[in-house]
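Protein chains in written order, with this note's numbering: chain A, 1 to 174; chain D, 175 to 719.
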């Protein structure tokens, strides 16, 4: 299957080296172009968006009425960056008062597959309805498939008002 | 391994016949005269695939509604790594595709490749050319900036002028009353849902027809032995494709595609212009006034497309050599001259946009939100060359501390004391005292207080005209009566949105002699030099509304 050169070009019979050159150029150039297109595409799809505004403190509410070691679900609004939008959305936190000014705020999702768990007063445990993960009042896994303790918000208390920052993923086994 | 691959290939060949298909495609016989002049069709198909690829990538981060479209494109350009490159490839790929398709048509026309029996191939090609233009027209709206909006306003009004069909076309494009969500959805639907499959189908038909009739031979070819498509012609196509791709890639990297202001239907200062390849049509329109306008907008372009379609039936002569096709060459020369003349005239008659249009909104534009004092602080920051010792969060160690992280913890009073006598506050500091007045130091401190690692590069990007304008604003103490970005007094009118209320010449007169344009005003006259007044007005016009 050799190419037949035009008589005007080369009178010599077609040589394999010319065909080899064509093949090398075809494969080489197409590989180069495929790389030049697919690498930026992968970077574009896989790299996270550049860092934007860190989440500020959000005032969640008054905690003077909270009983120690009794979790309360507190609802608040916070701004979240959602792609090209900043949306104001309702969020919840399970807030547990430990001592006078020490408060722990858990993220509202089970660490297994993200279902919303709730506090069972009769058993004194957080129970997830999906796959029956159970967490103690300090967030530790008691039983069930959850791989790590409940996630916690960064929290601070000023004049009995609770402020929450970012939600941090907990360490497995912590 | 090799045996396994051979077996897999045989298995596939038996089930699908793919090897035979590829072989018959690659080893198709082509005329002896085939060569470099026939590469454009392959390049056009390649560019179409690049457009599909980059278009899909853009679509996965794009919200196809007015407003959101703009924000999501900004997100692609500023937040996503390689987003600017992908958009650049899509934008310049569109222009390049038009160029290559026209070259392909010109080659086919010059060589008489449309002659019997290849009339249908040519006509399908003309439809593909029209589709290429339709991509340009519909894609133009999708960034939803001022350029997109106003360009589309004009385009839909032209469609509405079409004889008989006008009102229906207008309704189809959703542009009956004004350009809004309906038009946007129609254009987006056309651009991504209708045109790509239509193009794919017609390209397949076009290629099928080329294969059916064979590549057009030249007179004399029949006496020479035929060639195979692979590998020589494939090599030539590949080289041409690679050259086109290299040019496209370099343009996408090097030539920044601007994103203008968000579409603003109330902006009376905007000068709408179509993309470069439609400029000749835009200029043609100017020759037809009043009731004849429809001739320039619809009849002539329609007739041109019809003439292109009918070319194979107008010229029914036998195939001759290119060098002897003087009439065809004359037509091409005339078309090129006409196109170039009209385009040049359109460019020459486009008024220079006011400096405000030069802001590229796809970059960080945090500086627009600063108060004039803070922006003037950038001016002093640059004038005193603070960056010769200090860094702004780019990680390189400097002689002085990084100002994006240290200035957050200081007060303005601390900074001003430090500016005046650096070693008094920071013992052992090697920083020389800054020789500026108190109000200038205040401005500098105000800017530094605003600085954090997040906005440093955006503030560094503040254009010179804005910084210059803010310096004049501060030294003239405009803030004693006026407000900018909610800072200043309200004795005079606030200056945000000035762009919409006043023109540049009006403001120039107003500064020189306020009474002449606004009787009874208490504003005193100002004698600025030409550059200062230019900077000041450009700065005020750049403010958010």
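Ideal Cβ placement from N, Cα and C applies to all residues, glycine included. Keep in mind that this is a model prediction, so the values were computed, not measured.
Run through chain D and tell me which residues come within less than 7 Å of residue i, C-beta to C-beta.
{"i": "residue 57 of chain A", "result": "Within 7 Å Cβ-Cβ: nothing; residue 57 of chain A doesn't reach chain D, min ~16 Å."}
{"i": "residue 148 of chain A", "result": "Here the premise fails: no neighbours, minimum Cβ distance about 30 Å."}
{"i": "residue 107 of chain A", "result": "By Cβ distance, chain D contributes nothing, its closest Cβ being about 25 Å from residue 107 of chain A, past 7 Å."}
{"i": "residue 30 of chain A", "result": "412"}
{"i": "residue 44 of chain A", "result": "231, 254, 255, 256, 257 and 260"}
{"i": "residue 172 of chain A", "result": "Here the premise fails: no neighbours, minimum Cβ distance about 30 Å."}
Under 8 Å between beta-carbons, which chain D residues line up against residue i? List them in chain order, please.
{"i": "residue 71 of chain A", "result": "Near residue 71 of chain A there are no residues of chain D at all, since even the closest Cβ is about 35 Å away, more than 8 Å."}
{"i": "residue 85 of chain A", "result": "242 and 245"}
{"i": "residue 34 of chain A", "result": "Result: empty, since nearest Cβ-Cβ is about 11 Å, beyond 8 Å."}
{"i": "residue 19 of chain A", "result": "405"}
{"i": "residue 221 of chain A", "result": "Nothing in the structure corresponds to residue 221 of chain A, since chain A is present only between 1 and 174."}
Comparing C-alpha positions only, which one of the options sits nearest to residue i?
{"i": "residue 155 of chain A", "options": "A/125, A/167 and A/81", "result": "A/167"}
{"i": "residue 29 of chain A", "options": "D/376, D/303 and D/414", "result": "D/414"}
{"i": "residue 626 of chain D", "options": "D/359, D/497, D/589 and D/580", "result": "D/580"}
{"i": "residue 503 of chain D", "options": "D/676, D/326 and D/279", "result": "D/279"}
{"i": "residue 521 of chain D", "options": "D/478, D/452 and D/493", "result": "D/452"}
{"i": "residue 114 of chain A", "options": "A/136, A/146, A/79 and A/33", "result": "A/146"}
{"i": "residue 50 of chain A", "options": "A/20, A/83 and A/76", "result": "A/83"}
{"i": "residue 66 of chain A", "options": "A/104, A/45, A/76 and A/34", "result": "A/104"}
{"i": "residue 261 of chain D", "options": "D/253, D/229, D/242 and D/271", "result": "D/229"}
{"i": "residue 289 of chain D", "options": "D/484, D/199 and D/606", "result": "D/484"}
{"i": "residue 491 of chain D", "options": "D/412, D/291 and D/544", "result": "D/291"}
{"i": "residue 697 of chain D", "options": "D/315, D/675 and D/665", "result": "D/665"}
{"i": "residue 488 of chain D", "options": "D/327, D/249, D/283 and D/382", "result": "D/283"}
{"i": "residue 539 of chain D", "options": "D/636, D/603, D/610 and D/595", "result": "D/636"}
{"i": "residue 199 of chain D", "options": "D/701, D/332 and D/381", "result": "D/381"}
{"i": "residue 287 of chain D", "options": "D/337, D/389, D/265 and D/345", "result": "D/389"}
{"i": "residue 300 of chain D", "options": "D/486, D/553 and D/356", "result": "D/486"}
Taking its Cβ as the centre, do 16 or more other Cβ atoms sit within 10 Å of residue i, making it buried, or is it exposed?
{"i": "residue 515 of chain D", "result": "exposed"}
{"i": "residue 232 of chain D", "result": "buried"}
{"i": "residue 434 of chain D", "result": "buried"}
{"i": "residue 498 of chain D", "result": "exposed"}
{"i": "residue 685 of chain D", "result": "buried"}
{"i": "residue 442 of chain D", "result": "exposed"}
{"i": "residue 98 of chain A", "result": "exposed"}
{"i": "residue 176 of chain D", "result": "exposed"}
{"i": "residue 194 of chain D", "result": "exposed"}
{"i": "residue 406 of chain D", "result": "buried"}
{"i": "residue 660 of chain D", "result": "exposed"}
{"i": "residue 662 of chain D", "result": "buried"}
{"i": "residue 576 of chain D", "result": "buried"}
{"i": "residue 201 of chain D", "result": "exposed"}
{"i": "residue 675 of chain D", "result": "exposed"}
{"i": "residue 421 of chain D", "result": "exposed"}
With H, G and I counted as helix, E and B as strand and the rest as coil, what does DSSP make of residue i?
{"i": "residue 212 of chain D", "result": "helix"}
{"i": "residue 118 of chain A", "result": "strand"}
{"i": "residue 341 of chain D", "result": "helix"}
{"i": "residue 322 of chain D", "result": "helix"}
{"i": "residue 180 of chain A", "result": "As displayed, chain A neither begins before 1 nor continues past 174, which places residue 180 of chain A out of reach and without an answer."}
{"i": "residue 609 of chain D", "result": "coil"}
{"i": "residue 77 of chain A", "result": "strand"}
{"i": "residue 165 of chain A", "result": "strand"}
{"i": "residue 397 of chain D", "result": "helix"}
{"i": "residue 374 of chain D", "result": "helix"}
{"i": "residue 288 of chain D", "result": "coil"}
{"i": "residue 153 of chain A", "result": "strand"}
{"i": "residue 91 of chain A", "result": "strand"}
Residue i touches chain A at which residues, Cβ-Cβ below 7 Å?
{"i": "residue 634 of chain D", "result": "Residues of chain A passing the Cβ test: none, with the nearest at roughly 16 Å."}
{"i": "residue 454 of chain D", "result": "None at all; the shortest Cβ gap to chain A is about 32 Å."}
{"i": "residue 227 of chain D", "result": "37"}
{"i": "residue 423 of chain D", "result": "36"}
{"i": "residue 419 of chain D", "result": "33"}
Determine, using beta carbons only, whether residue i comes closer than 8 Å to chain E.
{"i": "residue 80 of chain A", "result": "Reference to chain E is not applicable here, since the protein chains of this structure are A and D."}
List the residues of chain D whose Cβ lies closer than 9 Å to the Cβ of residue i, in chain order.
{"i": "residue 50 of chain A", "result": "252, 253, 254 and 255"}
{"i": "residue 166 of chain A", "result": "Residues of chain D passing the Cβ test: none, with the nearest at roughly 15 Å."}
{"i": "residue 116 of chain A", "result": "The contacting residues do not exist; residue 116 of chain A stays about 28 Å from chain D at best."}
Going along chain A, which residues have a C-beta under 8 Å from residue i?
{"i": "residue 249 of chain D", "result": "49, 83 and 84"}
{"i": "residue 416 of chain D", "result": "29, 32 and 33"}
Using a C-beta to C-beta distance shorter than 9 Å, which residues of chain A count as neighbours of residue i?
{"i": "residue 375 of chain D", "result": "Going along chain A, no residue has its Cβ under 9 Å from residue 375 of chain D, so there is no contact; the nearest lies around 24 Å."}
Does the ligand HEM have a heavy atom nearer than 7 Å to the CB of residue i?
{"i": "residue 141 of chain A", "result": "Judged by which ligands are present, the structure shown has none, so any question about the ligand HEM falls away."}
Of all the alpha helix (DSSP H) runs that stay within the bounds of the segment 640-686 of chain D, which reach a length of 4 or more residues?
672-675 and 678-686
Quick one: complete alpha helix (DSSP H) runs, 4+ long, within the segment 431-482 of chain D?
The segment 431-482 of chain D contains these whole alpha helix (DSSP H) runs: 453-460.
What are the start and end residues of each continuous alpha helix (DSSP H) run of 4 or more residues lying completely inside the segment 540-602 of chain D, in chain order?
Within the segment 540-602 of chain D, complete alpha helix (DSSP H) segments of at least 4 residues are found at 546-557, 577-580, 586-594 and 596-599, given in chain order.
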